[in-house]
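These notes concern the structure reproduced below.
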Amino acid sequence: MNRVAVEAERRSDTFRPPTLQTLPAAVAANVARVRARTRSTIMAVVKADGYGHGAVPVARAAVAAGAEWLGTTSIAEALALRAAGLTVPILTWLHPAGIDADEASAAGIDVAVSSVDELAALVARAGTAVRIHLNMDTGMARGGCPRGQWDELVDLALLGRRDGKVHVAGVMGHLPLADQADPEANASAVAAMRDAVRTVRAAGLGTPPAHLGATAGALTDPATHFDMVRVGAGLVGIDPSGTVEMHGASRLTAPVVHTAAAPAGTPVGYGGTYVTDRATHLSVLPVGYADGIPRECSPQAGVEIGGRRFPVAGRISMDQIVIDTGSASFPAGTVATVFGPEGGATPSIHDWARWAGTIPHTIVSGIGPRVRRSIA
Ligand SMILES: *Cc1c(COP(=O)(O)O)cnc(C)c1O
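Residues 97 to 472 in our numbering are what the sequence shown spells out, letter by letter.
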């Protein structure tokens, strides 16, 4: 390294840039928490870059902790997992019509099929027996084959199998209401799923594993477990049903880059929406809404510095936020925790979701590319 690089390295030691740290031990603990509630196979869903935590580190931690399958939205995401050396079965479930399923097949990736047209296109193009999961719309109207066309889909799968083009490796649905943690709310989807499974078996397509529930179903409603549960949010510390405490699996830190004393009556940030009510200190953190800090935040929003919670002062800018630290004056380089699993003064992703009027999924999956990634 030349001197300039060495100097930059040294400086970056002092001023640790904004960093999102993934905590694999928390992912493992979350898998264990799911395992304690179901005997079904666990699929670790790592779409959207592992809900912002890094698809590969989350997948590795989940598999090491006992998840038997991986799930992603696209084939490209699944291929990246294969490239990283993950060898467990992978299912993908959202494809434009006319995908090259042979590429998936060659990499040992299963694909969900959600309509008769999709399956017809797949069968027409397949060179080898593609492993498919027949996907029924169990009440969400977001993809999935309508119940009224299920028989036709199953018949086509039979023909495809006869011609050596497909192997039916699974039957799936998705729960629209599992976050209510109410078995009643899931009952019609569970009934639809049973129906889907019955038709597949009756057609002579064997007994492929059936899967319906995601995190909330896995944690709260055994009737939704079938042979496998698909757990995404739960891996990174989110129980959408709000009934089970999971382990936060990431920590976002940012260094103080600037600190100044400010007299009482100082308006802070765009629009001067926050005015200091006493002599205080203001510290700037180099993260803003371009980095995923939600701009729509209530005045309760805050961060941890030096073991205490301090409020975000004024509007969140594109690249920075200002923190009102009162009588405390933190030198540049002091590391603030924007969110983390610690509790106490450290806000959680659930706190940020509440402050922003959203769900924690959007907080973790929205952290921008400027933020460095690290793995604990
Ligand atoms: C995202 C997703 C899941 C995982 O849901 P979580 O609530 O995050 O556990 C499961 N199945 C499908 C089809 C999904 O799209």
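C-beta atoms are modelled at their ideal positions from N, C-alpha and C, and glycine is treated no differently.
Worksheet entry | Contact the region 379-391 vs the region 362-371: 3+ CB pairs below 8 Å | no
Worksheet item: Does the beta-carbon distance from Gly181 to Ala277 come in below 9 Å?
Response: With contacts defined as CB atoms closer than 9 Å, Gly181 and Ala277 fail to qualify as a contacting pair.
Practice prompt. Return yes when the C-beta of Arg258 is under 8 Å from any heavy atom of ligand 1, and no when it is not.
Written response: no
Practice prompt. Check whether the region 195-204 touches the region 229-236, counting contact only when three or more Cβ pairs, one atom from each stretch, lie closer than 8 Å.
Written response: With the cut-off at 8 Å, the region 195-204 and the region 229-236 do not touch.
Worksheet item: Hey, Phe478 and His457: beta-carbon distance below 9 Å or not?
Response: Residue 478 is absent from the structure shown; the chain starts at 97 and stops at 472.
Discussion item. Comparing C-alpha positions only, which one of Ala283, Val262, Thr295 and Ala121 sits nearest to Ile205?
Written reply: Checked all of Ala283, Val262, Thr295 and Ala121; the closest Cα to Ile205 is Val262.
Item to complete: Put Thr372 into one of helix, strand or coil per three-state DSSP.
Response: Coil.
Worksheet item: Just how far apart, CA to CA, sit Gly361 and Ala375?
Response: 8 Å
Worksheet item: Can the beta-carbon of Val340 be found less than 9 Å from the beta-carbon of Leu315?
Response: yes
Item to complete: Check whether the Cβ of Pro336 lies closer than 8 Å to any heavy atom of ligand 1, and answer yes or no.
Response: Answer for Pro336: yes, Cβ within range of ligand 1.
Worksheet item: DSSP three-state call for Ala163: helix, strand or coil?
Response: In the structure shown, Ala163 sits in coil (DSSP, three-state: anything other than H, G, I, E or B).
Practice prompt. Would you give the residue range spanned by the beta strand (DSSP E) that Pro390 belongs to?
Written response: Element bounds for Pro390: n/a, residue is neither H nor E.
Discussion item. On the CB-based measure, 16 or more other CB atoms within 10 Å of its CB, does His307 come out buried or exposed?
Written reply: buried
Item to complete: Let me know the secondary structure DSSP gives Thr316 once reduced to three states.
Response: helix
Worksheet item: Got a sec: does ligand 1 put a non-hydrogen atom nearer than 8 Å to the Cβ of Ala128?
Response: no
Worksheet item: Can you tell which of Ala179, Arg258, Arg294 and Thr183 has the C-alpha that lies nearest to the C-alpha of Met232?
Response: Arg294
Practice prompt. Consult DSSP for Val219 and reduce its assignment to one of helix, strand or coil.
Written response: helix
Worksheet item: Ordered along the chain, which non-local residues of its own chain (more than five positions away) have a Cβ less than 7 Å from that of Met342?
Response: Asn126, Arg129, Gly330, Gly333, Ile334 and Asp335
Worksheet item: Ordered along the chain, which non-local residues of its own chain (more than five positions away) have a Cβ less than 7 Å from that of Arg297?
Response: Thr303
Fill in: Whole-Å CB distance - Gly162 paired with Pro153, under 8 Å assumed
Not confirmed; about 16 Å, so no contact.
Practice prompt. Please indicate yes or no: does the CB of Arg450 lie closer than 8 Å to some heavy atom of ligand 2?
Written response: Although ligand 2 was asked about, the structure shown includes only ligand 1 as ligands.
Worksheet item: Per DSSP, what kind of secondary structure is Gln276 in: helix, strand or coil?
Response: helix
Worksheet item: Hey, quick one: how far does the alpha helix (DSSP H) through Leu119 stretch, first residue to last?
Response: Counting along the chain, Leu119 falls outside any alpha helix (DSSP H), and DSSP gives it neither H nor E.
Worksheet item: By how many angstroms is the C-alpha of Thr115 removed from the C-alpha of Met97?
Response: Any reading at Met97 needs caution, since the residue's pLDDT is 45, under 50, leaving its predicted position unreliable; the model's value is listed next. Distance between the alpha carbons of Met97 and Thr115: 23 Å.
Discussion item. Among the candidates Ile401, Val250, Ala358 and Val418, whose CA atom is the shortest distance from the CA of Glu214?
Written reply: Val250
Fill in: Per-residue DSSP class, three states only, for Gly400
The question names Gly, yet the displayed sequence has Glu at residue 400. In this structure, Glu400 counts as strand in the three-state DSSP scheme.
Discussion item. Please report the straight-line C-alpha distance between Ala158 and Val364, rounded to a whole angstrom.
Written reply: 44 Å
Worksheet item: Secondary structure at Ile195, three-state DSSP: helix, strand or coil?
Response: Taken through DSSP and simplified to helix, strand or coil, Ile195 comes out as coil.
Discussion item. What residue range does the beta strand (DSSP E) around Gly422 cover?
Written reply: Counting along the chain, the beta strand (DSSP E) containing Gly422 begins and ends at Ile417 to Gly422.
Practice prompt. Tell me whether Val209 counts as near ligand 1, meaning its Cβ is closer than 8 Å to at least one heavy atom of that ligand.
Written response: no
Worksheet item: Would you call Arg135 buried or exposed, if buried means 16 or more other Cβ atoms sit within 10 Å of its Cβ?
Response: exposed
Discussion item. I need the DSSP call for Ile205, collapsed to helix, strand or coil.
Written reply: strand
Worksheet entry | Beta-carbon proximity of Gly148 to Val399, cut-off 9 Å | no
Practice prompt. Kindly examine ligand 1 and report whether one of its heavy atoms sits closer than 8 Å to the Cβ of Cys454.
Written response: In the sequence under discussion, the amino acid at residue 454 is Thr, which differs from the Cys named in the question. Answer for Thr454: no, Cβ out of range of ligand 1.
Worksheet entry | Whether Gly266 touches Ile228 by CB criterion (9 Å) | yes
Fill in: Cβ-heavy atom distance, Arg326 to ligand 1, below 8 Å
yes
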